[in-house]
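K.L.:
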Amino acid sequence: MAGSLAFPGFSKSAERMKRSQDAIFWIYAIGAAGSLLLAASFWALQSLQNIIFLGLTGEQISLILALVTLLFGLVVALPELRSKAKFSEELSGRTAELEVAVVTDPLTKLYNRRYFEDALNEYLAEFTKIGAPLAVLSLDLDHFKSVNDTYGHDAGDVVLKRLAENLQGLIREHDIVARTGGEEFCIVAPFANPAQIRPFAERICRHVGEMRVDIGNVVLRPTISIGVASTVDGVSNVKELLKLSDHRLYLAKEQGRNRVAA
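Structure follows, in structure tokens:
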């Protein structure tokens, strides 16, 4: 064991005074430094001073030097760790944004066709197992091409966004609404039996017909046609369900538009 490094005549009272000064020094250092690096530097210098003035043993000196080394290692590594943590957080956020973008229509912020078809497949498989009804509504804006041709695509985009907002406000908690084409939308309505689904579709049709879309000097009054198909119609897969709802949408158009065919 190494010998004492204490200076001759260094009294216990002086040592106590020195430790009191140390405490005051630490409070000031931590409060004033404002950073871990400066605080670590103060602590290291103070530790070296203690080695000289407090008569520490070799083991105590070794321990302090080891702690100083460890602390400086942490101080050096801390900025890099923070940088990596920040990068990881930013990467996670960006990944989440990309995941949303993959399944979202950029204009209306509704789900896109890809997500809609995946969700419909899952819904249909589950509802077939439990024997619960599931309906699909195919919606199409009436005379939308004339809106684009007459007022421009910017006006058409305004109409599409307003319709999307209205549909989101009209669907039920577990329904899914998506933009599946230019002016085409679809709704998946789980647990919708025949007695419920037609009034639901008619309410949507009526509400959209009451919309007023201001595009400057012109107020547009868009309408939609809706075709409804349900698992109670005897269809057994997604392709047949969508084909039937599209066929009924065509019938609604043929019957004069701004109506429901179910």
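FYI, in our numbering the residues of the sequence shown are 28 to 289. We put the beta carbon where it would ideally sit given N, CA and C, even for glycine. Predicted model only: the values in this text are computed from it and were never measured.
1) Compare the C-alpha of E149 against each of Y277, A279, Q282, V265 and name the closest.
2) List the endpoints of the continuous alpha helix (DSSP H) containing I224.
3) Under 8 Å Cβ to Cβ from R239, same chain only, skipping five residues before and after it: list those, please.
4) State the DSSP-derived secondary structure class of T207, mapped to helix, strand or coil.
5) Out of A152, V215, H274, G261, which one is the CA nearest neighbour of E200?
6) Taking C-alpha atoms, which residue in K280, S263, L194 lies nearest to Y138?
7) Let's see if you can read the secondary structure: which residues bound the alpha helix (DSSP H) around V185?
8) Do S272 and V163 have their C-beta atoms closer together than 8 Å?
9) As an exercise, report each continuous beta strand (DSSP E) stretch of at least 3 residues that is fully enclosed by the region 149-179, in chain order.
10) I'd like to confirm the pairing. Which residues does DSSP put opposite Y138 in its beta bridges?
11) Quick one, which of V204, D181, L161 has its alpha-carbon nearest D167's?
12) Assuming A289 is part of the alpha helix (DSSP H), what are its boundary residues?
13) Can you tell me the Cα-Cα spacing of I242 and F154, whole angstroms?
14) Below 8 Å between beta carbons: does that hold for L197 and H234?
15) Less than 8 Å between the C-beta atoms of C213 and R286, yes or no?
16) So what does DSSP say about V215, is it helix, strand or coil?
17) The alpha helix (DSSP H) with V265 in it runs from where to where?
18) Taking the alpha carbon of D202 as the point to measure from, which residue in E211, V185, I224 has its own alpha carbon closest?
19) Specify the secondary structure class of V240 as computed by DSSP and reduced to three states.
P.N.:
A quick look at the data gives this:
1) Put simply, of Y277, A279, Q282, V265 the residue whose alpha carbon is nearest the alpha carbon of E149 is V265.
2) Per DSSP, the continuous alpha helix (DSSP H) segment holding I224 begins and ends at 221-236.
3) Within the same chain, and ignoring the five residues on either side of R239 in sequence, the residues whose Cβ sits closer than 8 Å to its Cβ are V246, L247, R248.
4) Of the three classes helix, strand and coil, the one that applies to T207 here is coil, per DSSP.
5) Taking only the C-alpha atoms, the option nearest E200 is V215.
6) Residue L194 is the option with its Cα nearest to Y138.
7) Note, V185: alpha helix (DSSP H), 180-197.
8) Cβ distance < 8 Å, so S272 and V163 count as in contact.
9) Qualifying beta strand (DSSP E) stretches, in chain order: 161-168.
10) Y138 is bridged to T131, A205.
11) Of V204, D181, L161, the residue nearest in Cα terms is V204.
12) A289 -> no alpha helix (DSSP H), and no H or E assigned at all.
13) Approximately 43 Å, taken between the alpha carbons.
14) Less than 8 Å separates the beta-carbon of L197 from that of H234.
15) No, the Cβ-Cβ distance between C213 and R286 is not below 8 Å.
16) If DSSP states are grouped into helix, strand and coil, V215 belongs with the strands.
17) Residues 265-281.
18) The shortest C-alpha separation from D202 is found at I224.
19) Of the three classes helix, strand and coil, the one that applies to V240 here is strand, per DSSP.
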